[in-house]
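**Q** Numbering (UniProt numbering), first residue to last: 1 to 479. First the structure, which I've put down as structure tokens, then a few questions once you've had a look.
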Amino acid sequence: MANQEVSSRKVFTGFIWFIISKLFPALSGLIIFFVTSRAITAEDLGLITLSVSIITFIIYLSYNGFCDAIIQIKELKQKHINTVFFLNTISSSILFTISAVVIFMLTYFGVFPKRLNYIYTILGLKCLLDTFSLLPVALLARQMEFKAIGIRTLYSSIISALVALPVFYYFGSISALIVNYLTSSILGFIIAWISSPYPLIIKFDRESYKDLRHIGVTTTAAKLISSVSFDNIFIGFFGSGVTLGLYSFSKRVFGIFTDILSGGISSVTYPLYASLQDDKNKLKESFLKATFLSALVGIPAYTGLILLSPSLIPLFFGSQWNEAVPVLQISCLLGFITCIGSLQTSLIKGVGKSMWILKYQCAQQILTILIAILFSPQGPTVVMAMITIKTFLVWPFTIFYITKLLSISVFSYLRNLFKPFVSGAVLVCVFYLLKVLLGSINPYLFVVLEIFICAVFYILSILILARREIIIMLSGLKK
1 MANQEVSSRK
11 VFTGFIWFII
21 SKLFPALSGL
31 IIFFVTSRAI
41 TAEDLGLITL
51 SVSIITFIIY
61 LSYNGFCDAI
71 IQIKELKQKH
81 INTVFFLNTI
91 SSSILFTISA
101 VVIFMLTYFG
111 VFPKRLNYIY
121 TILGLKCLLD
131 TFSLLPVALL
141 ARQMEFKAIG
151 IRTLYSSIIS
161 ALVALPVFYY
171 FGSISALIVN
181 YLTSSILGFI
191 IAWISSPYPL
201 IIKFDRESYK
211 DLRHIGVTTT
221 AAKLISSVSF
231 DNIFIGFFGS
241 GVTLGLYSFS
251 KRVFGIFTDI
261 LSGGISSVTY
271 PLYASLQDDK
281 NKLKESFLKA
291 TFLSALVGIP
301 AYTGLILLSP
311 SLIPLFFGSQ
321 WNEAVPVLQI
331 SCLLGFITCI
341 GSLQTSLIKG
351 VGKSMWILKY
361 QCAQQILTIL
371 IAILFSPQGP
381 TVVMAMITIK
391 TFLVWPFTIF
401 YITKLLSISV
411 FSYLRNLFKP
421 FVSGAVLVCV
431 FYLLKVLLGS
441 INPYLFVVLE
451 IFICAVFYIL
461 SILILARREI
471 IIMLSGLKK
């Protein structure tokens, strides 16, 4: 009994530190993004985004999944650790060297501005340090030392932001962003190595590789498909720095909302669905409630961002980003799918159908890459519009799969979203009515009044339309 209590306490504290490890990097990143975006050009942001996207690709390609295999293997030996560290270190060094030569050749022949060569070379240190940190962090996770992982992330995110702010003041946005990335990686690397419970030695062992190969290769492929922004890379190569800058700016603003609205709900529902997979009735009930709640919050948030972005973007990020407004508005249409899609993914993974998710994400990535190649020369708005259309066309496949898993009709599933969408329509009507009534008032006051009054009318509308569903959810929380 005592061991069970200790285990439960460790899981709970681990969850708290997991939240901290996600929250502080998001907040520090938001601060740096908010400050630097007012002074950086779209092209420079595009060049930095391209560099970071390529580096992220290399990190995931450098046998990243073998670190997950280290966590899962039952009998861990020092030779397993040595082998994974060898694979991480050698592969990342070779891949970065090759990519740096390719970037140098492209800048030499005028495909990209010369400064990309310097940006990418300097950020190469981040590539190597982040890869070298993968294994020590995995070893800490294996021992459930989430506090050590959380402290590492906490210190790196706070100190990197504190260092980047004076750099921004004296040297500008590009230097601040680069210093922010590098400082975070350097601190993360130092803390990870100091905290590592095992020595890290570069030595390959063939038998150890065979022990880890199946999980390692599969997980590496899954992470490459789900975590790498291939759209950024291909837009950067087939479009321009300006196109990628406007596109990535819109994705970053959109991502702030997505991380808050979808990330928290999906991280909670995944273990819930896994625990209920043998009870289809409870699983169906929990999924429909979570979907309703997600739509209840997501629909007004993304609708509000679509309506207010022409006012919000120049006010908070500067008028140089006005061209990104239509890109952001189109991406917010994806938000309606994202807030529900994350729950669909959690459900499918929770019932043990991860391979279906992998195939679906692979198809999505391939289509996105094709769109980036074909439409990047026409600008970020066209690219985002085509990606949005593609996502809406492919999304029904997940709906049919979910309804089959839960043994419900498509109509029953979509009916669950009807009332939040009606309340969202009320919000839109109130917004445009207020816009006429308020006229040309102070822009900050306009934004505040629109948000407050539209929120009040949305809440009143949803209380009238979905009072029963809300009472059921609240009563469930009290149990």
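For each residue, glycine too, the CB sits at the ideal point set by N, CA and C.
Look up G298 in the DSSP assignment and say whether it is helix, strand or coil.
**A** helix
**Q** Take G350 as the anchor and find which of Q277, S37, A372 has the nearest alpha-carbon.
**A** Residue Q277 is the option with its Cα nearest to G350.
**Q** Give me the Cβ distance between A100 and Y120, rounded to the nearest whole Å; I'm assuming they're in contact under 8 Å.
**A** 6 Å
**Q** Here's the rule I'm using: 16 or more other beta-carbon atoms within 10 Å means buried, otherwise exposed. How should I194 be labelled?
**A** exposed
**Q** Give a yes or no on contact between the stretch 169 to 187 and the stretch 313 to 323, applying the rule of three or more CB pairs nearer than 8 Å.
**A** no
**Q** Counting pairs of Cβ atoms below 8 Å between the stretch 280 to 291 and the stretch 217 to 228, do you hit three or more?
**A** no
**Q** How is Q365 classed by DSSP in three states: helix, strand or coil?
**A** Helix, per DSSP.
**Q** With H, G and I counted as helix, E and B as strand and the rest as coil, what does DSSP make of K114?
**A** coil
**Q** Under three-state DSSP, which class holds K74?
**A** coil
**Q** Determine the closest residue to I55 out of T41, L154, Y181, H80, with distance taken between C-alpha atoms.
**A** Y181
**Q** Would you tell me roughly how many angstroms separate the C-alpha atoms of L50 and K390, rounded to the nearest one?
**A** 23 Å
**Q** Return the first residue and the last residue of the alpha helix (DSSP H) that R206 is part of.
**A** For R206, the enclosing alpha helix (DSSP H) starts and ends at 206 to 227.
**Q** So, helix, strand or coil for L417, using DSSP?
**A** In the three-state scheme derived from DSSP, where H, G and I count as helix and E and B as strand, L417 is classed as coil.
**Q** Could you spell out the range, first to last residue, of the alpha helix (DSSP H) harbouring W395?
**A** 380 to 406
**Q** Where do the ends of the alpha helix (DSSP H) carrying W193 lie?
**A** Note, W193: alpha helix (DSSP H), 173 to 195.
**Q** Thinking C-alpha only, which one of K79, L45, P300, S309 is nearest D205?
**A** Measuring C-alpha to C-alpha distances from D205 to each of K79, L45, P300, S309 identifies K79 as the nearest.
**Q** Tell me the rounded alpha-carbon separation between L367 and L61.
**A** Taking the straight line joining both Cα atoms gives about 21 Å.
**Q** Report yes or no: do the stretch 100 to 109 and the stretch 34 to 44 share at least 3 C-beta pairs separated by less than 8 Å?
**A** no
**Q** Okay, do the stretch 159 to 169 and the stretch 87 to 101 touch, 3+ Cβ pairs below 8 Å being the bar?
**A** no
**Q** State the Cα-Cα distance for the pair F446 and C127, rounded to the nearest angstrom.
**A** 44 Å
**Q** Quick one: using the 10 Å Cβ neighbour count with 16 as the cut-off for buried, is I471 buried or exposed?
**A** exposed
**Q** Within this structure, are the beta carbons of Q386 and F375 separated by less than 7 Å?
**A** The residue you asked about is not Gln; residue 386 is Met in the sequence shown. Against a cut-off of 7 Å, the Cβ pair of F375 and M386 comes out as a contact.
**Q** Given a cut-off of 7 Å, decide if F254 and residue 489 are closer than it, judged by their beta-carbon atoms.
**A** Past the edges of the chain, shown from 1 to 479, lies residue 489, and the structure says nothing about it.
**Q** So which of N442, P420, Q143 has the shortest CA-CA distance to F457?
**A** P420
**Q** Report yes if the C-beta distance between L244 and A324 is below 7 Å; otherwise report no.
**A** no
**Q** Thinking C-beta only, is G236 closer than 7 Å to F66?
**A** Contact: no.
**Q** Among the residues of its own chain, which have a CB less than 8 Å from the CB of I90, if the five just before and after it don't count?
**A** I202
**Q** Using the rule of at least 16 other Cβ atoms within 10 Å of the residue's Cβ for burial, across every protein chain shown, is V84 buried or exposed?
**A** V84 sits buried, since 16 or more C-beta atoms from the chains shown fall within 10 Å of its C-beta.
**Q** So is E450 buried or exposed if we call it buried at 16+ other beta carbons inside 10 Å?
**A** buried
**Q** Classify S423 as buried or exposed, calling it buried when 16 or more other Cβ atoms lie within 10 Å of its own Cβ.
**A** buried
**Q** Measure the alpha-carbon distance for P310 versus N322 and round it to whole angstroms.
**A** In this model, P310 and N322 are separated by some 7 Å (Cα to Cα).
**Q** Are there 16 or more other CB atoms within 10 angstroms of the CB of V11, so buried, or fewer, so exposed?
**A** Because the pLDDT at V11 is just 49, under 50, the model does not fix this residue reliably, and the value given afterwards should be weighed accordingly. Classification for V11: exposed.
**Q** Helix, strand or coil: how does DSSP classify D259 here?
**A** Reduced to three states, the DSSP call for D259 is helix.
**Q** Quick check on G124: does DSSP put it in helix, strand or coil?
**A** helix
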